[in-house]
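This report refers to the structure that appears directly beneath it.
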Amino acid sequence: MDRGTGGRVVSVTLERPPPTPPPLRARSGGILEWITTTDHKKIGLLYIGTTFLFFLAGGLMALLMRIELAEPGLQVLTKNAYNQLFTIHGTTMVFLFIAPMGLGLANYFVPLQIGAPDMAFPRLNALSYWLFLAGGATILLSFFASGGASAAGWTAYYPLSGPQGSPGPGVDLWIMGVLLASASSVMTAVNLMVTAFLLRAPGMTMWRLPLFVWNMIITSLMILVSFPPITAGLSLLFIDRHLGGHFFDPASGGSVVLYQHLFWWFGHPEVYIMILPFFGIVTDIIPVFSRKPVFGYLGFVFASLAIAGLSMSVWAHHMFTTGAVLNPFFSMMSFLIAVPTGIKFFNWIGTMWGGQIRFDTPMLWCLGFMLNFLLGGITGVMVASPPIDFAVHDTYFVVAHFHYVLAGGSLFGIFAGLYYWFPKMTGFRLSERTGKAVFVLVFVGFNLSFFGMHLLGLRGMQRRIADYPADVGWTWLNQIATLGTVIMGIGVVLFAWNVLEAFRGRRPAGDDPWEGYTLEWSTTSPPPEHNFTWLPPIRSERPLFDWRQRDKDMGAEEVRK
Amino acid sequence: MRTATKMFAFSAFFSLGVGTIYWLLSHERAGAVLLLFMFLAPLFIACYLLLRARRLRLPEDDAEGRPGEGAGVDIGRFHAASLWPFVTALGASLAVLGAVYGRWLALAGGTVMAAAVVGLMRESRG
Numbered sequence: 304m305d306r307g308t309g310g311r312v313v314s315v316t317l318e319r320p321p322p323t324p325p326p327l328r329a330r331s332g333g334i335l336e337w338i339t340t341t342d343h344k345k346i347g348l349l350y351i352g353t354t355f356l357f358f359l360a361g362g363l364m365a366l367l368m369r370i371e372l373a374e375p376g377l378q379v380l381t382k383n384a385y386n387q388l389f390t391i392h393g394t395t396m397v398f399l400f401i402a403p404m405g406l407g408l409a410n411y412f413v414p415l416q417i418g419a420p421d422m423a424f425p426r427l428n429a430l431s432y433w434l435f436l437a438g439g440a441t442i443l444l445s446f447f448a449s450g451g452a453s454a455a456g457w458t459a460y461y462p463l464s465g466p467q468g469s470p471g472p473g474v475d476l477w478i479m480g481v482l483l484a485s486a487s488s489v490m491t492a493v494n495l496m497v498t499a500f501l502l503r504a505p506g507m508t509m510w511r512l513p514l515f516v517w518n519m520i521i522t523s524l525m526i527l528v529s530f531p532p533i534t535a536g537l538s539l540l541f542i543d544r545h546l547g548g549h550f551f552d553p554a555s556g557g558s559v560v561l562y563q564h565l566f567w568w569f570g571h572p573e574v575y576i577m578i579l580p581f582f583g584i585v586t587d588i589i590p591v592f593s594r595k596p597v598f599g600y601l602g603f604v605f606a607s608l609a610i611a612g613l614s615m616s617v618w619a620h621h622m623f624t625t626g627a628v629l630n631p632f633f634s635m636m637s638f639l640i641a642v643p644t645g646i647k648f649f650n651w652i653g654t655m656w657g658g659q660i661r662f663d664t665p666m667l668w669c670l671g672f673m674l675n676f677l678l679g680g681i682t683g684v685m686v687a688s689p690p691i692d693f694a695v696h697d698t699y700f701v702v703a704h705f706h707y708v709l710a711g712g713s714l715f716g717i718f719a720g721l722y723y724w725f726p727k728m729t730g731f732r733l734s735e736r737t738g739k740a741v742f743v744l745v746f747v748g749f750n751l752s753f754f755g756m757h758l759l760g761l762r763g764m765q766r767r768i769a770d771y772p773a774d775v776g777w778t779w780l781n782q783i784a785t786l787g788t789v790i791m792g793i794g795v796v797l798f799a800w801n802v803l804e805a806f807r808g809r810r811p812a813g814d815d816p817w818e819g820y821t822l823e824w825s826t827t828s829p830p831p832e833h834n835f836t837w838l839p840p841i842r843s844e845r846p847l848f849d850w851r852q853r854d855k856d857m858g859a860e861e862v863r864k
Numbered sequence: 008m009r010t011a012t013k014m015f016a017f018s019a020f021f022s023l024g025v026g027t028i029y030w031l032l033s034h035e036r037a038g039a040v041l042l043l044f045m046f047l048a049p050l051f052i053a054c055y056l057l058l059r060a061r062r063l064r065l066p067e068d069d070a071e072g073r074p075g076e077g078a079g080v081d082i083g084r085f086h087a088a089s090l091w092p093f094v095t096a097l098g099a100s101l102a103v104l105g106a107v108y109g110r111w112l113a114l115a116g117g118t119v120m121a122a123a124v125v126g127l128m129r130e131s132r133g
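Going down the list, the protein sequences come from chains A and B. Just so we're aligned: 412 in the numbering used here is position 109 of the first sequence, and the numbers increase by one with no gaps anywhere. Just so we're aligned: 69 in the numbering used here is position 62 of the second sequence, and the numbers increase by one with no gaps anywhere.
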């Protein structure tokens, strides 16, 4: 590699191995270095750190809502404050935590997993991060705007989000924040795709890519197709609010259902944009901790492609009750998604079957992910049936369903990824004992929080209400949910302590603490500037395993001699 | 690049199939138009790849390729640091806040963005 020593431009050539090993840690500078960085690893860390802070903010909002709902009556929040909280909680978790956390992890690990020195467009990558931060800050700081933040729900349905329904600047700031975050996601998607297609190491054919990379390619494709319509929809909403437009105003010939089409065209694929990266992470982790190759590599990739295609064709199952969409079509397409999703469960179970499973912390999170996501998937099939959806639409049953998918699924996948890759990102080991305690607390807390919500929904409790009658039998289930949220919160705080303790304890992790299969484990922890000083030959989807096996075979040969 | 081309082509023709069935069954225009664009967008990329990258032989697509085979191939200019992405995002956020709070802010944001774009271009040339 030809590195400029004092200049700003570095011309990188694929020359491996270099004459001298690089320093273990990149030169550390001040805040200016972080502001001006174009290194994909630093940008990845910025994404991961920022999204985690947004997660803490969104979690605090959830805790406030659950405290309010622990008892009938209004105790700590006004109805308007409650509306603002559930709006910004949903927006934060969807736009500012889960989806960008997947992109942040991809930023760090896609180049490493394919043997590339950086992302294809480093400055575009930096711009994506700063736009994301600006979008997030705009959304969260809107609490301080006159009239407070948007209270129109994360879907911002018209006319609730229209000039009469929400006259203050809260909805405008929400629109602008989401537009900035969407632009950031589109740029990252382009960058990830080009990187994965054009910067792979020699020998890393498309059918040897780690499954996390494959899933990021598919996620990027979905971002490119689904984000432009929401950008258009929100721009039209802004025009309706301020520039005299009537796109969604039925009194002037507009259509509120058009807004719902534009929103859910983005909104439903967004669910898969939030889960596919973590399918990939889990599918990279399970083989390592089962000491086996992944079962059904090709099937997994085609199942991800099928999920992507089908998920773009089911948007209006969120609109069954409008009576304005073709319910049988969307119901059938939604049922079909269960097939490729089921294939993934076969992949995971088949990989573990007969393996020598190690129950280290990343593997525990993967198992938790599978259990929770399975339940979310089953209730997903239930609400894909219009008769059931008509009964439970806008009740806590739906709240339970999507939290089992996005919190029980994606959040557990995020923790799996963080525990798996933390040693690579920092060079330090997290305490296994504390990590297992975090898993138990979050798993128990999560299920206490959300399982009872299925029952609440079936008993008729509507979502988005700050108060409920005392005599309908909902109180004890709400109290259990609140207790579960507190336990989850303790788990998250313990995770933060786990991370801080690792930095304080500075236990060296080594380059390959898990005996991983993919290329990121062949470089130092943390990786040097431009990532690699050496790469093994790539002859399968687990090149590092092949290389270690070659060493063992050669050792056995020596012993025989 | 054949796998990438096939992936985009598959996406396009899947959308065409779904879109056609959807239109025939529902005659609903918003969804049909969205599905039409979901057909056209990946088709455009697939056609581009088919025409421009057909003859491209990348070492990474060689199943027997070794890491050293990429030696000496210039894969681009990587800027080790740049302030302009930060400034561009700052300008963009001021510009969108201007849409909410007043044209003066949008003007300031637009000016910052324009300056940042010039900075990015000059940096690329340098």
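For glycine and all other residues, C-beta sits at the position ideal for the given N, C-alpha and C. Note that the structure is a prediction, hence the values are computed from the model and not measured.
Candidates Gly393/A, Phe592/A and Pro505/A: closest to Tyr820/A by CA position
Phe592/A
Strictly under 8 Å for the Cβ-Cβ distance: is Asp475/A near chain B by that measure?
yes
Within the continuous alpha helix (DSSP H) that includes Asp475/A, where are the two ends?
Per DSSP, the unbroken alpha helix (DSSP H) holding Asp475/A starts and ends at Gly473 to Leu501.
Coarse secondary structure for Pro811/A, derived from DSSP in three states
strand
Once you ignore the five residues that flank Ser487/A on each side, which residues in its own chain have a CB closer than 6 Å to its CB?
Ser431, Leu434 and Phe435
Starting from Gln378/A, follow its DSSP beta bridges and name the residues at the other end.
Answer by DSSP bridge pairing: none, since Gln378/A is not bridged.
Among Thr729/A, Ser449/A, Phe715/A and Ala641/A, nearest to Phe742/A - alpha-carbon criterion
Phe742/A has its Cα closest to that of Phe715/A, out of Thr729/A, Ser449/A, Phe715/A and Ala641/A.
Using Cβ-Cβ distances below 9 Å, what residues of the region 535-554 of chain A are close to chain B?
Phe541 and His545
Quick one: which chain A residues come within Cβ less than 7 Å of Gly32/B?
According to the sequence shown, residue 32/B is Leu rather than Gly. Within chain A, the residues near Leu32/B are Leu629 and Phe632.
Every unbroken alpha helix (DSSP H) inside the region 632-682 of chain A [4 residues or more]
none
Beta-carbon contacts of Ala115/B that lie in its chain and below 6 Å, excluding the five residues immediately before and after
Leu101
In angstroms with no decimal places, state the Cα-to-Cα distance between Asp692/A and Val701/A.
9 Å
Proximity of Trp477/A and Ile442/A at Cβ, strictly below 8 Å
The answer is yes: Cβ separation under 8 Å.
Residue(s) in a DSSP beta bridge with Phe731/A
Partner(s): Pro811/A.
Taking the alpha carbon of Leu483/A as the reference point, which residue from Ala448/A, Phe515/A, Pro403/A and Leu639/A has its own alpha carbon closest?
Pro403/A
Does Thr508/A come out as helix, strand or coil in the three-state DSSP assignment?
Residue state, collapsed to three classes: coil.
Tell me, please, whether the CB atom of His564/A is closer than 8 Å to any CB atom in chain B?
yes
In the DSSP assignment, the alpha helix (DSSP H) including Ile768/A goes from what residue to what residue?
Taken as a continuous stretch (DSSP letters only), Ile768/A belongs to no alpha helix (DSSP H), as it is neither H nor E.
Whose C-alpha, out of Leu629/A, Leu759/A, His757/A and Pro816/A, is nearest the C-alpha of Pro689/A?
Per the Cα distances, Leu629/A.
Roughly how many whole angstroms lie between the Cα atoms of Ala769/A and Ala694/A?
21 Å
Determine the chain B residues that contact Val516/A at a beta-carbon separation under 8 Å, and present them in chain order.
Contact annotation for Val516/A against chain B: no contact, minimum CB-CB distance about 12 Å [criterion: below 8 Å].
If you measure from the beta carbon of Ala88/B to each beta carbon in chain A, is any gap under 8 Å?
yes
Can you tell me whether Leu47/B is buried or exposed, with buried defined as 16 or more other CB within 10 angstroms of its CB?
By the 10 Å Cβ count, Leu47/B comes out exposed.
Anything in chain A within Cβ reach of Ala29/B, meaning under 8 Å, just list it in chain order.
One detail in the question is off: residue 29/B reads as Tyr in this sequence, not Ala. Simply Ser616, Leu629 and Phe632.
Only counting the same chain, and skipping five residues up and downstream in sequence, which positions put a Cβ closer than 7 Å to that of Thr534/A?
Leu482 and Ser485
Measuring alpha carbon to alpha carbon, tell me which residue in Ser18/B, Pro92/B and Asp68/B is nearest Met128/B.
Pro92/B
For Gly536/A, which residues of its own chain have a beta-carbon under 7 Å away from its beta-carbon, when the five flanking residues on both sides are left out?
Tyr562, Leu565 and Phe566
Hey, is Asp421/A's beta-carbon within less than 8 Å of any beta-carbon in chain B?
Chain B, which has a Cβ nearer than 8 Å to the Cβ of Asp421/A, makes this yes.
Going by beta-carbon coordinates alone, are Gly787/A and Ser752/A separated by less than 8 Å?
yes
Quick check on Asp697/A: buried or exposed, where buried means 16 or more other Cβ atoms within 10 Å of its Cβ?
exposed
Listed by chain order, chain A residues near Leu127/B by CB distance under 8 Å:
Arg426
Cross-chain neighbours of Trp433/A in chain B, by beta carbon under 7 Å
Pro92, Phe93 and Ala96
Determine whether the Cβ of Ala99/B lies closer than 8 Å to any Cβ atom of chain A.
yes
Strictly under 8 Å for the Cβ-Cβ distance: is Arg851/A near chain B by that measure?
At a cut-off of 8 Å between beta carbons, Arg851/A makes no contact with chain B.
Between the alpha carbons of Pro326/A and Ile652/A, how many angstroms are there, rounded?
Because Pro326/A sits at a pLDDT of 41, beneath the cut-off of 50, its placement in the model cannot be relied upon, and the following sentence gives the value as read from the coordinates. Straight-line Cα distance between these residues: approximately 41 Å.
Return the chain-ordered list of same chain residues with a C-beta closer than 7 Å to the C-beta of Pro375/A, the five sequence neighbours on each side being excluded.
Asp770, Tyr771, Pro772, Ala773 and Thr778
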